[in-house]
Amino acid sequence: MSLTMADVEVDSPETLKDALQMLNKTRYKVIAGGTDVLIRMRASPVTDERLLNIYSLDELRYIRSVGDRIRIGALTCIADISSSPEVRRFGLPLAQAGDEFGSMQLANKATIGGNLANASPSGDCIPPLYSLDAKLTLASVRGEREVPVKDFFKGYKQLDLRPNELLKEISFRKMTKEEHGLYLRHTLRFGEAISVVGVSMCLRSGASPKRFVAARIALGAVAPTVVRATRSEKIVTQGPLDEARIRAASQAVTESISPITDVRGTEEYRREMAVNLTYRGLREILAKKEGGR
Amino acid sequence: MKRERYPSPDHRLRHSIKIARDVPKPSILKLRRYSFKLNGKPVVVQAPPAYNLLETLRNVAGLTGTKNGCSEGECGACTVLMNGRAVHSCLTIMEQVRGADVVTIEGLASDPDSQALLRHFAEEGAVQCGYCTPGVVMASKALLDRNPRPSLEETKDALRGNLCRCTGYSKIVKAVMEGGA
Numbered sequence: 003m004s005l006t007m008a009d010v011e012v013d014s015p016e017t018l019k020d021a022l023q024m025l026n027k028t029r030y031k032v033i034a035g036g037t038d039v040l041i042r043m044r045a046s047p048v049t050d051e052r053l054l055n056i057y058s059l060d061e062l063r064y065i066r067s068v069g070d071r072i073r074i075g076a077l078t079c080i081a082d083i084s085s086s087p088e089v090r091r092f093g094l095p096l097a098q099a100g101d102e103f104g105s106m107q108l109a110n111k112a113t114i115g116g117n118l119a120n121a122s123p124s125g126d127c128i129p130p131l132y133s134l135d136a137k138l139t140l141a142s143v144r145g146e147r148e149v150p151v152k153d154f155f156k157g158y159k160q161l162d163l164r165p166n167e168l169l170k171e172i173s174f175r176k177m178t179k180e181e182h183g184l185y186l187r188h189t190l191r192f193g194e195a196i197s198v199v200g201v202s203m204c205l206r207s208g209a210s211p212k213r214f215v216a217a218r219i220a221l222g223a224v225a226p227t228v229v230r231a232t233r234s235e236k237i238v239t240q241g242p243l244d245e246a247r248i249r250a251a252s253q254a255v256t257e258s259i260s261p262i263t264d265v266r267g268t269e270e271y272r273r274e275m276a277v278n279l280t281y282r283g284l285r286e287i288l289a290k291k292e293g294g295r
Numbered sequence: 034m035k036r037e038r039y040p041s042p043d044h045r046l047r048h049s050i051k052i053a054r055d056v057p058k059p060s061i062l063k064l065r066r067y068s069f070k071l072n073g074k075p076v077v078v079q080a081p082p083a084y085n086l087l088e089t090l091r092n093v094a095g096l097t098g099t100k101n102g103c104s105e106g107e108c109g110a111c112t113v114l115m116n117g118r119a120v121h122s123c124l125t126i127m128e129q130v131r132g133a134d135v136v137t138i139e140g141l142a143s144d145p146d147s148q149a150l151l152r153h154f155a156e157e158g159a160v161q162c163g164y165c166t167p168g169v170v171m172a173s174k175a176l177l178d179r180n181p182r183p184s185l186e187e188t189k190d191a192l193r194g195n196l197c198r199c200t201g202y203s204k205i206v207k208a209v210m211e212g213g214a
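Chains as they are written, first to last, in the numbering used here: chain V, 3 to 295; chain A, 34 to 214.
1. For A:Pro181, count neighbouring C-beta atoms within 10 Å of its own C-beta (all shown protein chains included) and say buried if the count is 16 or more, exposed if not.
2. Run down chain V in chain order and give the residues with a C-beta less than 9 angstroms from the C-beta of A:Glu128.
3. Compare the C-alpha of V:Val39 against each of V:Asn26, V:Leu53 and V:Lys27 and name the closest.
4. Under 6 angstroms Cβ to Cβ from V:Ser124, same chain only, skipping five residues before and after it: list those, please.
5. Tell me which residues share the same chain as V:Lys170 and place their Cβ nearer than 6 angstroms to its Cβ, disregarding the 5 neighbours each side in the sequence.
6. Looking only at its own chain, which residues have a Cβ that is under 6 angstroms from the Cβ of V:Arg175, when we skip the five neighbours before and after it?
7. May I ask you to verify whether the segment 134 to 152 of chain A touches the segment 79 to 90 of chain V, counting CB pairs closer than 8 angstroms and requiring at least 3?
8. Taking the alpha helix (DSSP H) that A:Asp134 belongs to, which residues open and close that run?
9. How do the segment 151 to 158 of chain A and the segment 50 to 69 of chain V stand: do at least 3 beta-carbon pairs fall below 8 angstroms, yes or no?
10. DSSP on A:Cys108, reduced to helix/strand/coil?
11. So, with DSSP's three-state summary, where would you put V:Gly293?
12. May I have the straight-line CA-CA distance separating V:Glu292 from V:Glu181, to the nearest angstrom?
13. Taking its Cβ as the centre, do 16 or more other Cβ atoms sit within 10 Å of V:Asp60, making it buried, or is it exposed?
14. Should the segment 153 to 166 of chain V be regarded as contacting the segment 94 to 113 of chain V, the criterion being three or more beta carbon pairs within less than 8 angstroms?
15. Let me know if V:Leu284 comes out buried or exposed under the rule of 16 or more other beta-carbons within 10 Å of its beta-carbon.
16. Quick check on A:Lys63 - is its C-beta less than 8 angstroms from some C-beta in chain V?
17. V:Leu40 lies in the alpha helix (DSSP H); which residues open and close that run?
18. Tell me whether A:Arg54 sits in a helix, a strand or coil according to DSSP, three-state version.
19. Can you confirm whether A:Arg198, when its beta carbon is compared against all beta carbons of chain V, has any partner nearer than 8 angstroms?
20. Just to confirm my understanding: we take A:Pro167, look at its own chain, exclude 5 residues before and 5 after, and list those with CB closer than 8 angstroms. What are they?
21. Just to check my reading of the structure: V:Met7 and A:Tyr84 have Cβ atoms closer than 8 angstroms, yes? What is that Cβ distance to the nearest angstrom?
22. Does A:His153 have its Cβ less than 8 angstroms from a Cβ in chain V?
23. To be precise: take each residue of the segment 69 to 83 of chain A, compare its Cβ to all Cβ atoms of chain V, and keep it if any distance is under 8 angstroms. Which residues remain?
24. Indicate the three-state DSSP secondary structure (helix, strand or coil) for V:Pro150 in the structure shown.
25. For V:Val151 and V:Tyr132, what's the separation of their Cα atoms in angstroms?
See below:
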């Protein structure tokens with residue numbers, strides 16, 4: 003039992019293999035960048051938790067372009083993601099989430115894996131990964147398994163992650179020239195602030211003007227987990243994306259979300275901002291298609 | 034010619050060790066040894082594993098230039114460079130520092146490449162109460178190391194994680210935009 007942070011036990015494996023073996027034997031709280039874990043622990047340091055510090059596992063720091071997929075190691079920091087030309091070209095929503103993630107100091111330390119495993123509904127990397135239909139690789143001593151990002155989040159702060167598993171890699175299919183995507187978030191101030199609402203979308207352009215044949219729209223911070231706005235996606239793909247359809251699709255996000263009132267905004271405010279951000283996002287994507295990019 | 038303005042690091046170190054004696058020392062039972070590079074020199078310090086770099090710098094190494102503002106990564110006062118990048122020392126535990134290259138505000142005083150930045154802060158009057166200043170200077174140093182002549186937008190962007198309640202930022206931004214040389 004620890005009483006202050008000075009009493010907390012920390013183990014730091016040197017390889018992923020060691021980390022998985024330690025995790026298999028002992029119950030740990032995993033710490034990557036630490037920008038969420040330490041704040042929470044310091045608020046209530048009286049704990050039985052031992053920390054498994056995986057920050058030094060450099061083998062999990064990479065951004066690779068493999069075939070038609072981008073593969074990102076779980077310990078890749080947010081600054082490296084937003085400055086990666088490959089992520090910007092093939093997974094723009096994720097790069098944009100990196101741009102708005104927080105201060106340079108946070109982006110240099112915080113990791114994409116940590117942002118997912120912390121399981122906050124307002125984690126900025128999560129909606130982009132929903133809209134990119136990403137897959138997560140989970141590793142344990144028994145081997146690896148892959149889960150779609152939308153199945154990884156089972157409920158508020160509930161993950162499909164066994165106590166002996168580590169999130170190892172995040173991968174997604176590269177966006178093609180026909181696909182347009184973005185991430186928009188609303189915060190109470192620019193820079194360091196937790197999202198009040200975040201919207202990410204990825205739409206595949208059709209042959210005729212204003213037509214989109216596929217859509218993935220995901221919203222953060224407006225439900226216990228990030229959610230897909232399935233009704234809006236359907237409306238977007240049913241006909242030309244004119245002003246009336248954009249309005250209808252934006253309004254329809256309210257069917258998918260269940261926001262709460264907290265210090266950053268009321269339920270009603272979040273609902274309205276979710277509609278507004280979706281509207282803005284769809285307008286911007288239509289402009290991209292019409293601008294020939 | 035400006036040298037007198039900045040006391041030597043040795044003088045500063047002696048002074049700060051005196052201050053640090055009054056601070057409660059961490060639990061002796063769980064001390065571990067950490068080797069890393071601090072301001073260009075290899076050091077070994079003893080600290081508990083989950084003790085953060087900020088507390089270790091201030092209470093163990095006696096380097097009190099790095100300030101504790103919010104303790105939760107909001108204010109930027111505790112910014113140091115770790116392996117060349119600006120990070121919050123309050124959100125970095127000692128187990129993450131092993132083998133790293135850490136530079137604090139004390140390290141800039143004796144670094145010839147940082148003199149211009151320090152001079153611009155002094156000459157612009159970019160300091161009022163001074164509490165945020167070490168963090169702001171370290172974040173600026175990280176910016177200027179990769180971009181010696183940043184634009185207004187780039188400067189504001191790099192300093193968005195550093196809160197200053199006195200200056201209104203304009204003199205800070207001006208000092209940084211004058212560049213690292």
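In this text, a Cβ means the ideal position worked out from N, Cα and C, and glycines have one as well.
These numbers come from a predicted model, not from an experiment.
To lay it out plainly:
1. exposed
2. Val12, Asp13, Ser14, Ile33, Leu53, Asn55, Tyr57 and Ser58
3. V:Leu53
4. Ile196, Ser197, Gly222 and Ala223
5. Ala76, Thr139 and Ala141
6. Asp70 and Arg71
7. no
8. Looking at the DSSP string, A:Asp134 is not in any alpha helix (DSSP H); the run it does join, the beta strand (DSSP E), is Asp134 to Val136.
9. no
10. coil
11. coil
12. 13 angstroms
13. exposed
14. no
15. buried
16. yes
17. Val39 to Ala45
18. Any reading at A:Arg54 is ruled out, since the residue's pLDDT is 46, under 50, leaving its predicted position unreliable.
19. no
20. Gly98, Thr99, Lys100, Ala110, Thr112, Thr137 and Ile138
21. 7 angstroms
22. no
23. Pro81, Pro82 and Ala83
24. strand
25. 6 angstroms
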